[in-house]
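Enquirer: Let me give you the structure first, and then I'll get to my questions.
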Amino acid sequence: MAVTGSGVLSASVIKITGGKLISLDTTDLLSFSYLSTVHHKLSHIGNKFVNSDQDIAENLAAVKSRVAAAAKADGRTADQISLIAVSKTKPASHIRAAFDAGHRVYGENRLQEAEEKWPLFKEEFDDVRLHLIGPLQRNKVKRSLLLFDVIETVDRPKLARALAREMDTSGLRPACFLQVNTGEESQKSGVIPEELDAFVALCRDELELPVQGLMCLPPKNEEPALHFGLLRELARRNGLDQLSMGMTADFETAIRFGATCVHVGTAIFGGRPPLPSNPD
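Numbering (numbering that gives the first Met the number 0), first residue to last: 0 to 279.
And the structure:
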């Protein structure tokens with residue numbers, strides 16, 4: 000799956016967090032304005048609490064339809080976009096409903112939670128593909144390689160070296176994405192853009208990790224399209240052809256900027272149930 004999105008070209012320049020510059024031509028500035036409006040309108044969609052297997056099946060079908068439409072608008076097909084159903088915090092019954100609806104690609108944030116839910120599913124369905132989309136501690140690398148097919152959060156040299164050692168020992172080689180902290184947020188994991196080239200060289204060339212692409216989580220208070228555009232340019236510069244970016248509120252924007260993997264949880268499984276009100 001190649002990085003092809005038509006989002007970031009050249010002419011006008013916009014500055015984002017950390018002083019990064021992204022160039023946009025006139026046509027793309029119009030697209031950016033449109034996508035910003037779409038993102039604002041979608042940011043509160045999909046928060047309803049799911050009550051039935053039918054809800055999940057219908058939600059999944061609706062999301063797949065939106066993925067297909069966004070891919071078509073970008074000159075691609077739906078099968079060029081991997082829809083990762085984010086099942087973190089969701090019970091096995093909800094995941095079962097998504098399986099029954101034919102879906103096979105999922106994402107989990109925490110190893111311990113995934114170990115409680117996924118071994119039986121992976122035994123039953125030999126075509127499931129499970130992504131780790133949350134932070135990974137070095138002391139959990141061995142267990143992660145046994146369970147996950149893709150690790151999207153390779154975010155620092157020490158973790159990369161631990162992964163390389165365990166891959167050499169075990170022979171297990173899940174695909175890897177390098178996490179980029181495009182907003183340079185102090186509380187968020189990921190290599191900053193200025194250090195990415197060296198990190199790619201370490202992971203892909205020196206350690207020979209199976210690096211497939213880049214992943215980012217844009218700051219909540221900034222327009223995500225700018226960060227998607229930056230990630231796309233960083234991937235192109237380093238010869239990487241996959242981008243994992245975009246969630247429920249902005250995955251269509253991410254596809255417009257070349258996403259090959261999108262993370263969608265709330266729009267499929269629903270939001271968290273409302274907290275009970277305190278009786279007076």
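Glycine included, every Cβ here is placed at the ideal spot set by N, Cα and C.
Candidates 73, 136 and 146: which alpha carbon is nearest residue 105's?
Expert: Numbered from its first residue, the sequence shown carries residue 105 at position 106. Looking at the Cα atoms, 146 is the closest of the given residues.
Enquirer: Just to confirm, is the Cβ distance from residue 179 to residue 158 under 9 Å?
Expert: In the sequence shown, residue 179 corresponds to position 180, counting from 1. In the sequence shown, residue 158 corresponds to position 159, counting from 1. Not closer than 9 Å, so no.
Enquirer: Rank 230, 264, 270 and 268 by C-alpha distance to the C-alpha of residue 258 and give the top, closest one.
Expert: Working through the sequence shown from its first residue, we reach residue 258 at position 259. The residue with the shortest Cα to Cα distance from residue 258 is 230.
Enquirer: Under the three-state reduction of DSSP, which class applies to residue 266: helix, strand or coil?
Expert: Taking the sequence shown and counting its residues from 1, the one referred to as residue 266 is at position 267. Three-state DSSP puts residue 266 in a helix.
Enquirer: Please identify the residue among 254, 253, 249 and 260 whose C-alpha is closest to the C-alpha of residue 266.
Expert: Translated into positions along the sequence shown, residue 266 becomes position 267. Checking every option, the nearest Cα to that of residue 266 belongs to 249.
Enquirer: Please report how far the alpha carbon of residue 156 lies from the alpha carbon of residue 53, in whole angstroms.
Expert: Position 157 of the sequence shown, counting from 1, holds the residue named residue 156. Position 54 of the sequence shown, counting from 1, holds the residue named residue 53. When rounded, the distance between both Cα atoms is 44 Å.
Enquirer: Using a threshold of 9 Å, state whether the C-beta atoms of residue 190 and residue 177 are closer than that.
Expert: Here the question's residue 190 lines up with position 191 in the sequence shown. Here the question's residue 177 lines up with position 178 in the sequence shown. It is a contact, given that the beta carbons lie within the stated cut-off.
Enquirer: So for residue 79, helix, strand or coil by DSSP?
Expert: Numbered from its first residue, the sequence shown carries residue 79 at position 80. In this structure, residue 79 counts as helix in the three-state DSSP scheme.
Enquirer: Is the beta carbon of residue 144 sitting closer than 9 Å to the one on residue 165?
Expert: The residue given as residue 144 occupies position 145 in the sequence shown. The residue given as residue 165 occupies position 166 in the sequence shown. The answer is yes: Cβ separation under 9 Å.
Enquirer: Only counting the same chain, and skipping five residues up and downstream in sequence, which positions put a Cβ closer than 6 Å to that of residue 175?
Expert: One-based indexing of the sequence shown puts residue 175 at position 176. Result list for residue 175: 150, 153, 208, 209 and 210, in chain order.
Enquirer: Any idea what DSSP makes of residue 147, helix, strand or coil?
Expert: In the sequence shown, counting from the first residue as 1, residue 147 sits at position 148. Reduced to three states, the DSSP call for residue 147 is coil.
Enquirer: Determine the DSSP secondary structure at residue 261, reduced to helix, strand or coil.
Expert: Position 262 of the sequence shown, counted from the start, is the residue given in the question as residue 261. It is a strand residue.
Enquirer: Helix, strand or coil: which one does DSSP assign to residue 170?
Expert: Position 171 of the sequence shown, counting from 1, holds the residue named residue 170. Coil.
Enquirer: DSSP three-state call for residue 227: helix, strand or coil?
Expert: Locating residue 227 in the sequence shown gives position 228, where the first residue counts as 1. Correct three-state label for residue 227: helix.
Enquirer: To the nearest angstrom, how far is it from the Cα of residue 112 to the Cα of residue 89?
Expert: What you label residue 112 is simply residue 113 of the sequence shown in a count that begins at 1. What you label residue 89 is simply residue 90 of the sequence shown in a count that begins at 1. Their backbone Cα atoms lie some 10 Å apart in a straight line.
Enquirer: Beta-carbon within less than 6 Å of residue 40's beta-carbon, same chain only, minus the 5 sequence neighbours each way: which residues are those?
Expert: The count along the sequence shown starts at 1 and reaches residue 40 at position 41. Here residue 40 scores only 46 on pLDDT, less than 50, and its place in the model is too uncertain to base an answer on.
Enquirer: Could you check if residue 99 is buried or exposed, using at least 16 other CB atoms within 10 Å of its CB as the buried criterion?
Expert: Numbered from its first residue, the sequence shown carries residue 99 at position 100. Under this definition residue 99 is an exposed residue.
Enquirer: For residue 168, count the other beta carbons within 10 Å of its own beta carbon; 16 or more makes it buried, fewer makes it exposed. Which is it?
Expert: Locating residue 168 in the sequence shown gives position 169, counting from the first residue. Counting Cβ neighbours within 10 Å, residue 168 comes out exposed, since fewer than 16 surround it.
Enquirer: Given a threshold of 16 other Cβ atoms within 10 Å of its Cβ, counted over all protein chains shown, does residue 220 qualify as buried or as exposed?
Expert: Reading the sequence shown from its first residue, position 221 is the one you call residue 220. Counting Cβ neighbours within 10 Å, residue 220 comes out exposed, since fewer than 16 surround it.
Enquirer: With DSSP collapsed to three states, give me the class of residue 23.
Expert: As a position in the sequence shown, residue 23 is number 24, starting the count at 1. Unreliable positioning characterises residue 23 in this predicted model, as indicated by a pLDDT of 49, which lies under 50. A coordinate reading is not provided.
Enquirer: Which residues bound the beta strand (DSSP E) around residue 107?
Expert: Counting from one through the sequence shown, the residue named residue 107 turns up at place 108. Residues 104 to 107.
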